[in-house]
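**Student:**
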Amino acid sequence: MRAGAAAAVCRYLGIRLGQALIALFGVTTAVFFALRLSGDPAQLLAPQGASQADIAALRHQLGLDAPVWRQYLDYLGNLLHGDLGYSYVQHEPALTLITQRIPYTVNLALAALVLSAVLGVGAGMVMALNRGRWPERVLTPLVLVGQAMPAFWTGILLILVFSVTFNLLPSTGFNGFDSLILPAVTLASLSAATIARMTRGAVLEQLDRDYIRTARSKGAGTARLVTRHLARNISIPILTVLALEVANLLGGSVVTELIFAWPGIGQLTVQSVDGRDFPLIQAIVLLAAVVYIAVNFVTDIAYAVLDPRVTTTGKAAGP
Amino acid sequence: MRNHRTLVPAIVIALYVLVALCAPLIAPFDPNHADLAARLSGPFATTHGHFHLLGTDGLGRDVLSRIIYGSRVSLAVAAATVLVSGAFGVTLGVVAGWRRGWLAAVIMRLADIALSVPFFLLAILVVAVLGPSLVNVVICLSLVRWPRYTRIAYANVLETRERGFVRGAVAVGAPGRWIVLRHILPEVAPLAVVVGTLELGLMVVFEASLSFIGLGVQPPTASWGSMLSDGQQYVASAWWLATFPGLALFGLVLTVNLLGDAVRDRLDPRRRVPRRVRRRRPGLGEPAAEPITTALEADHA
Amino acid sequence: MRTSRNLRMAALIATAAAALAACSTPPSGGTAPKAGSAGTSLTADLASYPASLDPGLQYDTDSYSVYRNIFDQLLRRDPKTNKIVPGLATSWTQKDPKTWVFTLRSGVKFSDGTPLTAADAAFSIQRILDPKFASQQNANFSAVASATGSGNTLTITTKYPSPTLLSYLTTLSVVPKADVQKVGNAAFNLHPIGSGPYTFVSSIPGSQVVLKRNDSWWGPKPQIKQVTFRAVPSGASRVADLKSGKADIADSMTPDSATQLTGSSGLKVLSAPTERVSYLAFNTIKGGATNDPKVRQAISMAIDYKSLITNLEQGYAKPVNSVLTPLAEGYPTGLPGYTYDQAKAKSLIQQAGAKGKTIVMATSPTYDPQIVQAIQADIQDIGLKVSIQNTDQATYLKKVQSPTHDWGSIRFGQWSCSCLDADGVAYPLFHTGTIWSSYSNPQFDALVDKARQTIAPATRTQLYAQAYGILNKDLPGIGLFQIDAIYGASAKLEWTPDAQQSFFVADMKLAS
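Okay, here's the thing in structure tokens:
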């Protein structure tokens, strides 16, 4: 039996890996061809006074004058050798340019995630458990401010208050732990709203279920109710939202990075798209797809762990 | 109490819609009338004989009039996007969760792909391929946002389908479509409403980033999002530029969420029907489900 | 009560997690000193991270603001008069219309100790011309046929007599041939070595570059010992950095943020007119209404130039009489300026039968949307309808540079050729068949073709006076105003910016 279970797990992992590869292939192919419809990198690279011939020469240098299918085959060939190409603009390997930025994005994403998860889940629970009473009435608008305030607005206000007026924290750039706080708060204020609202919904739904009523009738206090009974049952919807936020944050947060001059993936993405830096864009998309697929894979496994009913039954092990 | 909770936000939202519809009647000035000499006047300023209640922007246009006119684009785009992406996303999520197998694999991997393409890139590609128009804004935003609903619906369906009343329905051979409509959707809807109401505010802001790259409305047409982003560089010097459209947006998000809460409660199956009745009778003509639901009831007692 | 305990817990966990995240933070590449603390270190906020540190590749403001401090340029411009003056080359002569000979300063060394010779200078040009290097500056040096160096003598031959060669050589930074060949282009770009007043210390890609003073530089010893260039893309954040003392100087300020800075204590605004000009160009080939010179003339009279300059640009701009600035060689001083005359514009539109017609105005977010909308309002006031088509820069270029000329009727843009020469505008913008031109006039073409191969300054000026005279009447484009470069700076900083937007830290001083 145990060997059978292990084989099933292996098979499941294998299927998922296969699916992931197909998805990766799909997204890179779609982006590759769509990009080539979207503009000419040589036009952007050439100086203002360049002639038609100068631009044509540049295009030839970048290999953009070859037929698109040829370019695509070359791209795939290089990809198989682990070569993601050279940035047109920065003249460095695309992979190097991305890996330089990853630590910053991961740091910011982690800090923002933890902050928003803690605040969001906390606020959501409080709202649900105090439904219709003053804590909910106070928290609802507070949480929603984050949703209605664009990041650039929150970000600049935080800088004005904490850097310019009180001179407590650095305004921009990266210089140690201090400089992580403001951008993390800015990002968290946006995701915390979503998490709080989802938590509230999930908790309310559970509160109406019978097992909670039973526990309550047996005299369980709120604290015990939350830790013992609720935690596991609300974890699936919350986990789903968290996974979406993780993937979002790891993709890089464009506006927040721009405001705080944070050297993460988000800024790199905008620059590369603006400059039609094809190899760099393709590399970023590939990386982002890997991250998303991985995060969602982990999430799906977590569902199974948290709620064995979800996957133990049914013919296929789920997607 | 319940009426009150639904009624007040509903009235406020109706007011928003009314303002958008009657913009030409309400707005004190032409929203696009520029007066460079009067630019960046604060609230309550009177310039060249015109009283600007909420001040003027960087081109000397009346901020109040632009907020009123801007509500048209913002409300239309946000509502359409939430409806399109919500309906599409929830449907796919429910199908994936119910059917599972290869269909679910395809849907969920598609969702992964849609989530993984950077928004900015996707928007540029949409402009390049489809060209700029408001309909394309809705298409572009829906393309990015549907997977959120899908993943949430999917997870919820996976959990719901293992619950007693669904298993019971399956056990008695109730048709799948019927079970989905009767049992699964009512469980998914409350969560989808929560997500949708949150998305509404975000979509207003997203529209602005699209007009920035030429996909959304073209200047000088006003939208709240573009007013917010135009006001960005003036946060410290001309606070009214971003604050007032921001407040308009906040008011909308708040009321929509309050309404969402009320709607969620109404959609919630356990609140819709008195508990005991529902537990005893998960669905009409489904007596064999009794044992399982009764077993659950035992917990209750 | 339970609530507050929960929240306190939450705060605790959040702090712990944030601290954890900080532990895994990569070590910062450079020790960025607190601005002004030592008095001799400077922090400068640029709008973006330099696209390259190799001076042979990119030539955009943010890149050269950094790398020109690491390298010496072959020639320089006097910051006050804009005349070409010695840099690495101490003297130069023209042997024949196509051959130039430069004598290089002796005793100059790269910071790795190797002496700088004419061979290095020749190599610096050759690599830009090498198609494999795919340098974006290739077009600037396309007139060069060959560059050879021996000892202290650099000889450059051109394919045709090129009056703008010296001008472009002021942008040429000299790189060490031996080092570039040894480490390769990619490694050199990451760790550049030059002979300039500062040397490269470290960088955090996307964030900052740190340079320190090169004490063995041949020029006068700069006061500032260390400089940190930071990439801060948001204008509002750059202002905040200045106000909080995090930065000593910030580049790319808008006129509105400058006005905001003048009110803050301890800060000041530095500005200088540049060769950058804001312009409107018309589609005279497939522009619909704008094919008619009368409509173009009417539009030129519809625009309230003075209001644009005083209200929108807050005085950080100057009127011009053509799509060129007075700083450029060959500026047609004798031409009349543009006039604002709404009544006459309206009657011209009537005469042309264009009343009520819709024209498309192409622009991109790169250009100030406020100016575009102000111009739109001005033109609508004389009876035309203007529909703005704002697309991202790549799409804008694709449309505007398409040989089919179907991009609309008017476009707004900014022009700078980094050459301070009339040719750098007249040829690429209006000559028949060039990528930006939707105008064709054989008479104008002949004048420009002749001028661009004429060396004698007086003859050139005369030819350009005639060529720009045609543009002034025919109006394929309108120069709106000359743009100022605006910097925000600490009041302690002493520096005079110049027309080239050179960011020579060696010329700056910080009072303690």
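Top line first, the protein sequences correspond to chains A, G and S.
Under UniProt numbering, think of the first position of the first sequence as 1, with each following residue one higher.
Under UniProt numbering, think of the first position of the second sequence as 1, with each following residue one higher.
Under UniProt numbering, think of the first position of the third sequence as 1, with each following residue one higher.
We treat Cβ as the ideally placed atom computed from N, Cα and C, and that holds for glycine.
Using only CA atoms, which one of S:G488, S:E494, S:D498 lies nearest to K509 of chain S?
**Tutor:** Residue mapping note: residue 509 of chain S aligns to position 509 of the third sequence, counting from 1. That would be S:E494, whose Cα lies nearest to the Cα of K509 of chain S.
**Student:** With a CB to CB cut of under 7 Å and the five nearest residues on each side skipped, what residues in its chain are close to D484 of chain S?
**Tutor:** Here residue 484 of chain S refers to the residue found at position 484 of the third sequence. The residues are S271, A272, P273, T274, Y316, A317.
**Student:** Whole angstroms is fine: what's the gap from L463 of chain S's alpha carbon to N441 of chain S's?
**Tutor:** Along the third sequence, one-based indexing puts residue 463 of chain S at 463. Along the third sequence, one-based indexing puts residue 441 of chain S at 441. About 15 Å.
**Student:** Pull up the distance between the alpha-carbon of A17 of chain S and that of A112 of chain A, whole angstroms please.
**Tutor:** To locate residue 17 of chain S, count along the third sequence from 1; it is residue 17. To locate residue 112 of chain A, count along the first sequence from 1; it is residue 112. Its pLDDT being 43, under 50, A17 of chain S is placed unreliably by the model, and the measurement read from it follows with that caveat. Taking the straight line joining both Cα atoms gives about 10 Å.
**Student:** According to DSSP, which residues form a beta bridge with R411 of chain S?
**Tutor:** Taking the third sequence and counting its residues from 1, one reaches residue 411 of chain S at position 411. S:A281, S:A362.
**Student:** Here's a check: name, in chain order, each residue in its chain whose Cβ is nearer than 8 Å to the Cβ of V193 of chain G, leaving out the five neighbours to either side.
**Tutor:** Residue 193 of chain G sits at position 193 when you count from the first residue of the second sequence. Taken in chain order, the residues that qualify are G260, V263, R264, L267.
**Student:** Measure the alpha-carbon distance for R200 of chain A versus V89 of chain A and round it to whole angstroms.
**Tutor:** Here residue 200 of chain A refers to the residue found at position 200 when the first sequence is read from its first residue. Here residue 89 of chain A refers to the residue found at position 89 when the first sequence is read from its first residue. Going from the Cα of R200 of chain A to the Cα of V89 of chain A covers about 47 Å.
**Student:** Going by the CB atoms, is the gap between W146 of chain G and S65 of chain G shorter than 9 Å?
**Tutor:** Within the second sequence, the letter at position 65 stands for residue 65 of chain G. Within the second sequence, the letter at position 146 stands for residue 146 of chain G. Contact: no.
**Student:** Assuming G477 of chain S is part of the beta strand (DSSP E), what are its boundary residues?
**Tutor:** In the third sequence, the residue the question calls residue 477 of chain S occupies position 477. Counting along the chain, the beta strand (DSSP E) containing G477 of chain S begins and ends at 477-490.
**Student:** Pop quiz: L44 of chain A and G275 of chain A are said to be a contact at Cβ under 8 Å. What is the actual Cβ separation, rounded to whole angstroms?
**Tutor:** Walking along the first sequence from the start, residue 44 of chain A turns up at place 44. Walking along the first sequence from the start, residue 275 of chain A turns up at place 275. Yes, L44 of chain A and G275 of chain A are in contact; Cβ-Cβ is about 6 Å, under 8 Å.
**Student:** Which residue marks the beginning of the alpha helix (DSSP H) containing A231 of chain S, and which one marks its end?
**Tutor:** As a working mapping, residue 231 of chain S is identified with position 231 in the third sequence. Per DSSP, A231 of chain S belongs to no alpha helix (DSSP H); it is in the beta strand (DSSP E), 226-231.
**Student:** In angstroms, rounded to a whole number, what distance separates the CA positions of G245 of chain S and A188 of chain A?
**Tutor:** Numbered from its first residue, the third sequence carries residue 245 of chain S at position 245. Numbered from its first residue, the first sequence carries residue 188 of chain A at position 188. Answer to the nearest angstrom: the Cα atoms are 27 Å apart.
**Student:** Straight-line CA distance for S24 of chain S to G155 of chain A?
**Tutor:** Translated into the one-based positions of the third sequence, residue 24 of chain S becomes position 24. Translated into the one-based positions of the first sequence, residue 155 of chain A becomes position 155. The predicted position of S24 of chain S is uncertain, since its pLDDT is 41 and thus under 50; no value can be drawn from it.
**Student:** Going by CA-CA distance only, name the one from S:Y59, S:S52, S:L53, S:S41 that's closest to Q500 of chain S.
**Tutor:** On the third sequence, position 500 is the one that residue 500 of chain S refers to. Out of S:Y59, S:S52, S:L53, S:S41, S:Y59 has the C-alpha closest to the C-alpha of Q500 of chain S.
**Student:** Could you round the C-beta distance between residue 320 of chain A and F250 of chain G to whole angstroms and report it? I think they count as a contact, below 8 Å.
**Tutor:** An answer regarding residue 320 of chain A cannot be provided, because it is not within the stretch 1 to 319 covered by chain A.
**Student:** For the alpha helix (DSSP H) holding I70 of chain S, just list the boundary residues, first then last.
**Tutor:** Taking the first residue of the third sequence as position 1, residue 70 of chain S is located at position 70. Looking at the DSSP string, I70 of chain S is not in any alpha helix (DSSP H), and its letter there is neither H nor E.
**Student:** Measure the C-alpha to C-alpha separation of H60 of chain A and T46 of chain G and round it to an integer number of angstroms.
**Tutor:** Position 60 of the first sequence, counted from the start, is the residue given in the question as residue 60 of chain A. Position 46 of the second sequence, counted from the start, is the residue given in the question as residue 46 of chain G. In a straight line, the C-alpha of H60 of chain A is about 59 Å away from that of T46 of chain G.
**Student:** Can you tell me the Cα-Cα spacing of F188 of chain S and L182 of chain A, whole angstroms?
**Tutor:** In the third sequence, counting from the first residue as 1, residue 188 of chain S sits at position 188. In the first sequence, counting from the first residue as 1, residue 182 of chain A sits at position 182. Approximately 35 Å between the Cα atoms of the pair.
**Student:** So, is the C-beta of S116 of chain A closer than 9 Å to a C-beta in chain G?
**Tutor:** Within the first sequence, numbered from 1, the residue matching residue 116 of chain A stands at position 116. S116 of chain A does not count as touching chain G.
**Student:** Between the Cα of T243 of chain G and those of G:L75, G:L54, G:A155, spot the shortest distance and give me the residue it belongs to.
**Tutor:** Position 243 of the second sequence holds residue 243 of chain G. When each option's Cα is compared against that of T243 of chain G, the closest is G:L54.
**Student:** Return the Cβ separation of residue 395 of chain A and V241 of chain A in integer angstroms, given the expectation that the two are a contact with Cβ distance under 8 Å.
**Tutor:** Summary: the structure shown does not reach residue 395 of chain A, with chain A confined to residues 1 through 319, and so no result is reported for it.
**Student:** With burial defined as no fewer than 16 other Cβ atoms inside 10 Å of the residue's Cβ, what is the status of L167 of chain A: buried or exposed?
**Tutor:** For the purposes of this step, residue 167 of chain A is taken as the residue at position 167 of the first sequence. Residue identity differs from the one stated: residue 167 of chain A is Asn in this sequence, not Leu. Classification of N167 of chain A: exposed, given that the 10 Å Cβ count is below 16.
**Student:** Please state whether DSSP places S133 of chain G in a helix, a strand or coil.
**Tutor:** As a first step, residue 133 of chain G is located in the second sequence; it is residue number 133 there, counting from the start. Of the three classes helix, strand and coil, the one that applies to S133 of chain G here is coil, per DSSP.
**Student:** Cutting at 6 Å between CB atoms, please list the residues of its own chain near A21 of chain S, excluding the five before and the five after it.
**Tutor:** Numbered from its first residue, the third sequence carries residue 21 of chain S at position 21. Confidence at A21 of chain S is low in this model, with a pLDDT of 43, below 50, so its placement is unreliable and the value that follows should be read with caution. Result list for A21 of chain S: empty, nothing under 6 Å.
**Student:** My assumption, with CB atoms under 8 Å, is that A153 of chain G sits in contact with V180 of chain G. Please give the rounded CB distance.
**Tutor:** On the second sequence, position 153 is the one that residue 153 of chain G refers to. On the second sequence, position 180 is the one that residue 180 of chain G refers to. With a Cβ gap of about 11 Å, A153 of chain G and V180 of chain G do not count as contacting.
**Student:** Any C-beta of chain G sitting closer than 9 Å to the C-beta of N78 of chain A?
**Tutor:** Numbered from 1 along the first sequence, position 78 holds the residue referred to as residue 78 of chain A. Chain G contact via Cβ: absent.
**Student:** For V239 of chain S, which residues in chain G fall below 8 Å Cβ to Cβ?
**Tutor:** For the purposes of this step, residue 239 of chain S is identified with residue 239 of the third sequence, where counting begins at 1. A236, listed in chain order.
**Student:** Contact defined as beta carbons within less than 8 Å: I believe Q376 of chain S pairs with P220 of chain G. What is the distance between those atoms, to the nearest angstrom?
**Tutor:** To locate residue 376 of chain S, count along the third sequence from 1; it is residue 376. To locate residue 220 of chain G, count along the second sequence from 1; it is residue 220. The pair is a contact, with the Cβ atoms about 7 Å apart (cut-off 8 Å).
**Student:** Distance, Cα to Cα, V235 of chain G vs L157 of chain A?
**Tutor:** Taking the first residue of the second sequence as 1, we reach residue 235 of chain G at position 235. Taking the first residue of the first sequence as 1, we reach residue 157 of chain A at position 157. Spanning the two alpha carbons is a distance of roughly 8 Å.
**Student:** If we define contact as Cβ-Cβ less than 9 Å, is N167 of chain A a contact residue for chain S?
**Tutor:** Counting from one through the first sequence, the residue named residue 167 of chain A turns up at place 167. For N167 of chain A, the answer is yes, since a Cβ of chain S falls inside 9 Å of its Cβ.
**Student:** When you compare only the Cα positions, how much space is there between S173 of chain S and M301 of chain S?
**Tutor:** For the purposes of this step, residue 173 of chain S is taken as the residue at position 173 of the third sequence. For the purposes of this step, residue 301 of chain S is taken as the residue at position 301 of the third sequence. One C-alpha to the other measures close to 44 Å.
**Student:** Going by beta-carbon coordinates alone, are V232 of chain S and T172 of chain A separated by less than 9 Å?
**Tutor:** Along the third sequence, read from residue 1 onward, the residue named residue 232 of chain S stands at position 232. Along the first sequence, read from residue 1 onward, the residue named residue 172 of chain A stands at position 172. Closer than 9 Å, so yes.
**Student:** Would you say R200 of chain A faces chain S, with C-beta separation under 9 Å as the test?
**Tutor:** Translated into the one-based positions of the first sequence, residue 200 of chain A becomes position 200. Chain S contact via Cβ: absent.
**Student:** Looking at the structure shown, is Y198 of chain S part of a helix, part of a strand, or coil, going by DSSP?
**Tutor:** Here residue 198 of chain S is taken as the residue at index 198 of the third sequence, counted from 1. Strand, per DSSP.
**Student:** Comparing the C-beta of H33 of chain G with each C-beta of chain S, is any distance below 9 Å?
**Tutor:** As a first step, residue 33 of chain G must be located in the second sequence, where it is residue number 33. With 9 Å as the cut-off, H33 of chain G counts as an interface residue toward chain S.
**Student:** Can you name, in chain order, every residue of its own chain whose Cβ lies under 6 Å from the Cβ of V204 of chain G, other than the five neighbours on each side?
**Tutor:** Position 204 of the second sequence holds residue 204 of chain G. Counting only Cβ-Cβ distances below 6 Å, and skipping sequence neighbours, we find S74, A78, W224, G225, L249.
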